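Those protein sequences? They're chains A and F, same order as listed. Position 25, counted from 1, in the first sequence is what the numbering used here calls 27; the numbers after and before it change by one each time, with no gaps. Position 20, counted from 1, in the second sequence is what the numbering used here calls 892; the numbers after and before it change by one each time, with no gaps. Data block below; observations after.
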Amino acid sequence: MTPQKDPKIITEQLCQFVRENFAAEGVVCNEQSPLGEVGVDSFALVELLLFCERAFGVRVPESSMTRSNLASVAALAKCIAEVARGSQP
Amino acid sequence: MPNLPRQIRLAAGDYFMHGQDRRMRRLGLPGNVCRVSLSLDPGLNVPLLRERIQQSPILDWMAHARVVRTFPLLPPRWRIVEDSSPVLHEHHLPSGAGAGVGGLPPVVAQRDLHPGQGPAIAVDLVHYPDESRQLVLTWSHTLMDARGAEFVLRHLNPVGAKPGPTAENLVNPTQLKRSLAERWRRLKMARSSLKWLRESGREPLFTLMPALQPGGRCSSHLRLMPFTQEETAAIDARSQSFNAGFQRSHFYLAAALRGLHAVAALRGNRDGAYLVPVPHDMRRRGGNGPIFSNQLSILFYRIEPRLAGSLSQIVAELNRQMMDQIRAQFPDSCMAALDLFKPLPLDYYVRHLGQPSGGKFASLCFSDSGETCQGMADFVGGPIQRVTHLVPTWRPPGLTVLFWRYGQQLSSLLSWVDDCLSPSEADLLERGLRAGLLEEAIS
């Protein structure tokens, strides 16, 4: 599987995953949404990281789970894209 | 107002909690009853609170719900009964009275609720001479979990522009009806959890319980550990440095396990692993409800004693095990398995649950309720000074560690059964927990 490196595509799919799995009805999830406010707690974050492995072919290391990378959906997407570029042979 | 159900099946988590309730009462302990207390400065609009409670369809429904089993070997159900079920109880304390747990009079601190025999929920309002008050919501754990109780508080006291939960949010629709296809899917899913449970519960396991069953009645003890805002900020910073910034619960649990490990070492434990079931709220976030029922699943952590001396190793191991269990969809399959066993008679069900761990069940129970009453500065006009959770201790394992936050302050509660932990061991555990959270260097 070729790792996904486009942060825009990653953002869209992350938002869709959050809406379908964690956020209650009516909760808005867009690229600027803080993860905590759209229902991503520690349990959901692990689900999100496993989704990244399945959907984007990217394994995000624990050391990348910093406060700034988890500030919003877009920040996490950017981090995933960077990890994908770094893992490119 | 929606048409609320007259009968509804118990969720898997409800029957599990009901089993714990039975087990505790057999040992002379209080039932599986939880409390959350709001300490309020003067200003509470008492008539308005009375009116909201009297007119609440949620509280009315919950106060009339009883657990019944219509026929042997059929799953138990909640049924609405017609008897009168008062919910609000008011108490006026003269100065200096009621110096029980958290300053509550015994009638409130020890209020017993039996979901088969009477209301499974009660609200107590304690008036003090200086016009400060404590509002105490007490509920049977068979009825709902702590998040459900939080929704009840928000229903009575909506915060900001957001509408509070209403009767529409009371019940999870999947609890009302589940399709045949869905039941079949869950049946298949249930099988995979058994392997996990057997694997994590294998001997040797460390337990605080004495080898012999208690001859007389047991009693439970509580110790509150409030942290200041400065301490809470320091704990947050330390959780980041232990690579648990987004998983602070793992840092808290690691500190609790370090404390327990010190107690176990004094008892000569060398090989016994620490088994910890951790509940997880399965509701969707950012919205209201479902309020009623235990919407929980469980993750099981097993920490070997060779790792339990180091906070960073415990945190890393917890992170790894959490990832593995979610990858294997253990939380879903575990609840599916609990669902499957609901037709079993309660005593047999309780014994059956303990089988994978040879009856030990766990080394300690741990829960992190997270942010409680978020954004709620006052309750019906009374400024909130403090929020306190009081939870029962299950035996086994005989020890519960609970964390929660209100505003910028973290609090913890140690709760234990007298024949499982001595007062000096409780002191050692508390010191170890504090040291883990605040002082100990990264190892």
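Where is the CB? At the ideal position from N, CA and C, for every residue including glycine. All figures in this text were calculated on a predicted structure; none of them were measured in a lab.
Show which residues of chain A have a CB atom less than 9 angstroms away from the CB atom of N1115(F). Result: E64, S65, M67.
Please say whether L916(F) and G1254(F) have beta carbons closer to each other than 7 angstroms? Against a cut-off of 7 angstroms, the Cβ pair of L916(F) and G1254(F) comes out as a contact.
CB of D913(F) within 7 angstroms of CB of Q1193(F), strictly: Not a contact, by the Cβ cut-off of 7 angstroms.
Name, going along the chain, the residues of the region 36 to 53 of chain A whose beta-carbon falls closer than 9 angstroms to a beta-carbon of chain F. Contact residues of the region 36 to 53 of chain A toward chain F are L37, G38, E39, V40, G41, V42, D43, S44, F45, A46, L47, V48, E49, L51, L52 (C-beta to C-beta distance below 9 angstroms).
Does any residue of chain F bring its CB to less than 7 angstroms from the CB of A77(A)? Closer than 7 angstroms: no.
Alpha carbon to alpha carbon, what distance is there between L1218(F) and I952(F)? About 21 angstroms.
Using a Cβ-Cβ cutoff of 7 angstroms, what residues of the region 1197 to 1217 of chain F are near chain A? List them in chain order. The residues in question are I1198, R1199.
Does any residue of chain A bring its CB to less than 7 angstroms from the CB of Q1167(F)? So no, Q1167(F) is outside the interface.
Could you name the residues of the same chain whose beta carbon sits closer than 6 angstroms to that of P1086(F), not counting the 5 residues immediately before and after it, in chain order? When the five nearest sequence neighbours on each side are left out, the beta carbons in the same chain lying within less than 6 angstroms of the beta carbon of P1086(F) are those of D1291, in order along the chain.
In terms of residues, what are the limits of the beta strand (DSSP E) holding P1295(F)? Premise fails: P1295(F) lies in the alpha helix (DSSP H), 1295 to 1306, not in any beta strand (DSSP E).
With the cut-off set at 7 angstroms, would you say V1135(F) and L997(F) are in Cβ contact? Taking 7 angstroms as the Cβ cut-off, V1135(F) and L997(F) do not qualify as a contacting pair.
Beta carbon proximity, F58(A) to chain F, threshold 7 angstroms: No, F58(A) does not count as interfacial toward chain F.
Between the Cα of H1261(F) and those of L1216(F), A981(F), W1056(F), spot the shortest distance and give me the residue it belongs to. Closest by alpha carbon: A981(F).
Does M1194(F) have its Cβ less than 7 angstroms from a Cβ in chain A? Taking Cβ atoms only, chain A reaches closer than 7 angstroms to M1194(F), which makes this a yes.
8 angstroms Cβ cut-off: residues of chain A touching Q1119(F): In chain order, S44, L47 make up the part of chain A whose C-beta sits under 8 angstroms from the C-beta of Q1119(F).
List, in order along the chain, the chain C residues whose C-beta lies closer than 7 angstroms to that of F19(A)? Here the protein chains are A and F, and chain C is not one of them.
Shortest alpha-carbon distance to P12(A) belongs to which of A26(A), G88(A), N32(A), R69(A)? In the sequence as presented, Pro is not what sits at residue 12(A); that position holds Ile. Checked all of A26(A), G88(A), N32(A), R69(A); the closest Cα to I12(A) is N32(A).
Examine chain F for any beta-carbon lying closer than 7 angstroms to the beta-carbon of L72(A), and answer yes or no. Interface residue, yes.
Cβ atoms of S911(F) and Q989(F): under 7 angstroms apart, would you say? No.
Quickly, what does DSSP pair M1097(F) with across the bridge? List them, please. Beta-bridge pairing links M1097(F) to S1284(F).
Between the Cα of F1099(F) and the Cα atoms of R895(F), H1224(F), Y1278(F), which residue gives the shortest distance? With distances taken between CA atoms, F1099(F) lies nearest to Y1278(F) out of R895(F), H1224(F), Y1278(F).
Could you name the residues that DSSP lists as bridge partners for A1145(F)? In DSSP, A1145(F) forms a bridge with L1077(F).
If we define contact as Cβ-Cβ less than 7 angstroms, is E33(A) a contact residue for chain F? E33(A) does not count as touching chain F.
Flag V29(A) as yes if its beta-carbon sits less than 7 angstroms from any beta-carbon of chain F, otherwise no. Taking 7 angstroms as the threshold, the shortest C-beta distance from V29(A) to chain F falls below it.
Is V62(A) closer than 7 angstroms to C54(A) when the C-beta atoms are compared? Yes, they are a contact pair.
Select from V1259(F), S1092(F), R1156(F), A1039(F) the residue whose C-alpha is nearest the C-alpha of L876(F). Among V1259(F), S1092(F), R1156(F), A1039(F), the Cα nearest to that of L876(F) is on A1039(F).
Give a yes or no on whether the minimum CB-CB distance between S1277(F) and chain A is below 7 angstroms. With the sequence shown as reference, residue 1277(F) is identified as Arg, and Ser is not the correct amino acid for it. Nearest CB-CB separation between R1277(F) and chain A: not below the 7 angstroms threshold.
Could you give the first and the last residue of the continuous alpha helix (DSSP H) run that contains C1(A)? Outside the displayed span of chain A (3 to 91) sits residue 1(A), for which this structure offers no information.
Whole angstroms is fine: what's the gap from P958(F)'s alpha carbon to G1304(F)'s? Approximately 43 angstroms between the Cα atoms of the pair.
May I ask you to list the residues that DSSP assigns as paired with T1272(F)? T1272(F) is bridged by DSSP to C1237(F), S1287(F).
Just to check, is the beta-carbon of D886(F) closer than 6 angstroms to a non-hydrogen atom of the ligand FAD? No copy of the ligand FAD appears in this structure; indeed no ligand is present at all.
What are the uninterrupted segments assigned as alpha helix (DSSP H) that are 4 or more residues long and contained completely in the region 4 to 76 of chain A, given in chain order? Whole alpha helix (DSSP H) segments, 4+ residues: 9 to 23, 44 to 58.
Give the secondary structure of G1087(F) by DSSP, where H, G and I count as helix, E and B as strand, and everything else as coil. Correct three-state label for G1087(F): coil.
Taking C-beta to C-beta, are F1238(F) and M1016(F) nearer than 7 angstroms? M1016(F) sits away from F1238(F), with the two beta carbons spaced by 7 angstroms or more.
Buried or exposed: L1285(F), going by 16 or more other Cβ atoms within 10 Å of its Cβ? With a 10 Å radius around the Cβ and a threshold of 16 neighbouring Cβ atoms, L1285(F) comes out buried.
Which bits of chain A does G1032(F) rub up against, with CB to CB less than 8 angstroms? Within chain A, no residue has its CB atom less than 8 angstroms from the CB of G1032(F), the nearest being about 14 angstroms off.
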